[in-house]
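Shown next, in structure tokens, is the structure this report addresses.
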Amino acid sequence: MTECAIDVKGLCKSFSGRQVVSNVDISMPKGEVWGFLGPNGSGKTTTIRMICGLLEASAGEGTCLGYDIRKEARKIKELSGYMTQHFSFWQDLSVRENLQFVARLYNLSARQKVVQKTLDELGLGDRQDQLCGKLSGGWKQRLALAAVTMHKPQLLLLDEPTAGVDPQARRDFWDEIHRLTNEGVTVLVSTHYMDEAERCDQIVYLAHGKVLARGTVDDVIAQCGLITFQGKGENVRRLADALKGRDGIEHVAYFGTALHVSGRDRDKLKCQLGPFMDEADWQEIAPSLEDTFIDLMKQAGVDKREHG
Ligand SMILES: Nc1ncnc2c1ncn2[C@@H]1O[C@H](COP(=O)(O)OP(=O)(O)OP(=O)(O)O)[C@@H](O)[C@H]1O
1 MTECAIDVKG LCKSFSGRQV VSNVDISMPK GEVWGFLGPN GSGKTTTIRM ICGLLEASAG
61 EGTCLGYDIR KEARKIKELS GYMTQHFSFW QDLSVRENLQ FVARLYNLSA RQKVVQKTLD
121 ELGLGDRQDQ LCGKLSGGWK QRLALAAVTM HKPQLLLLDE PTAGVDPQAR RDFWDEIHRL
181 TNEGVTVLVS THYMDEAERC DQIVYLAHGK VLARGTVDDV IAQCGLITFQ GKGENVRRLA
241 DALKGRDGIE HVAYFGTALH VSGRDRDKLK CQLGPFMDEA DWQEIAPSLE DTFIDLMKQA
301 GVDKREHG
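With the UniProt record's numbering, the residue at position 101 of the sequence shown is 101, and numbering never jumps.
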């Protein structure tokens, strides 16, 4: 049987009587990269914090790296690295000084050597003397990753690690993630980016604290059961308003110069698109992950969404 890095069942969390995570089960094999997705306030951070023992679950049980999330949180913290959503390093210390401080917190032996190796591995050598407060978003994320990997954790829990950083920096960050997984590290990463979800072995989609979909990207798209037609042509953008709200049409979205029109009943969709056939070039396509997530959000009741 595959060994699990995370194996939790029935995780629940309530704050002041309000349940924000309900019955979450996760069985994640070692060595994989999983994406945690869902609207703002859907409970991703709360679940991550329960898994690594930083927050006590209101109900549920399980293990992380083989240790009980309730009774052996200390051991889990030693063996995992948790990168929080907000950059939390000392702005007035240099990159090297921040890493030296973290190395002391972890009580690492041969600290200078470990810090130097981490600087080299993460390509931070040229910036080691730069003050943290002066780093760009991408370099800050790289420093944060360096800090959570310095003690060689077996599991990384990354909470929206690339929020607000540019595409090149995000790509570099993901190269690092894959380098780490090639070395056997397991990674659970929360993200709002579709391209990042597509880099994961599996995704778990949460809304209102409940798991709505899980599996590979292809599984999740298939489970959703959405049928999508793509319209292309000069006038296609003008059709959006005429199509929205028609019986059988659940979503109308712009994708660059194309329009995606989605629903669940192929015949109804074709019937509704009928009068517009000459105004664009229509063809059925596989729904994108974004189409799927928008649909999942709608199913979950977007208006009830919590903004964290
Ligand atoms: N310590 C707390 N006390 C009270 N409510 C909290 C606390 N932490 C989180 N919440 C609430 O729990 C819900 C889930 O929050 P959480 O941060 O886990 O969501 P999230 O999916 O990570 O959101 P985002 O994508 O915005 O980061 C939100 O409604 C949030 O306001």
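Quick reminder that beta carbons are idealized off the backbone N, C-alpha and C, glycines included.
May I ask you to list the residues that DSSP assigns as paired with CYS64? ILE6, TYR67
Just mark GLY43 as buried or exposed, buried being the case when its beta carbon has 16 or more other beta carbons within 10 Å. buried
For GLY17, which of SER58, LEU296, THR118, GLY274 has the nearest alpha-carbon? SER58
Which whole runs of the alpha helix (DSSP H) in the region 259-287 are 4 residues long or more, in chain order? 266-273
First through last residue of the alpha helix (DSSP H) which encompasses HIS251: Careful: HIS251 lies outside any alpha helix (DSSP H), inside the beta strand (DSSP E) at 251-255.
Do you know whose CA, among GLY248, ASN235, LYS298, PHE293, lies nearest TRP282's CA? ASN235
Helix, strand or coil: how does DSSP classify ARG199 here? coil
Expressed to the nearest angstrom, what Euclidean distance is found between the alpha-carbon atoms of ALA222 and ARG264? 12 angstroms
Residue of VAL217, LEU206, LYS268 minimising C-alpha distance to GLY301: LEU206
Could you say if the region 94-112 and the region 59-70 meet the contact criterion of at least three C-beta pairs nearer than 8 angstroms? no
Within the same chain, show all residues whose beta-carbon is closer than 6 angstroms to that of ARG246, passing over the 5 residues directly before and after it, in chain order. GLN272
Starting from LEU79, follow its DSSP beta bridges and name the residues at the other end. LEU79 pairs with nothing; no bridge assigned.
Does the Cβ of PRO153 have 16 or more other Cβ atoms within 10 Å, making it buried, or fewer, making it exposed? buried
Please determine whether the Cβ atom of ASN23 lies at a distance below 8 angstroms from any heavy atom of ligand 1. no
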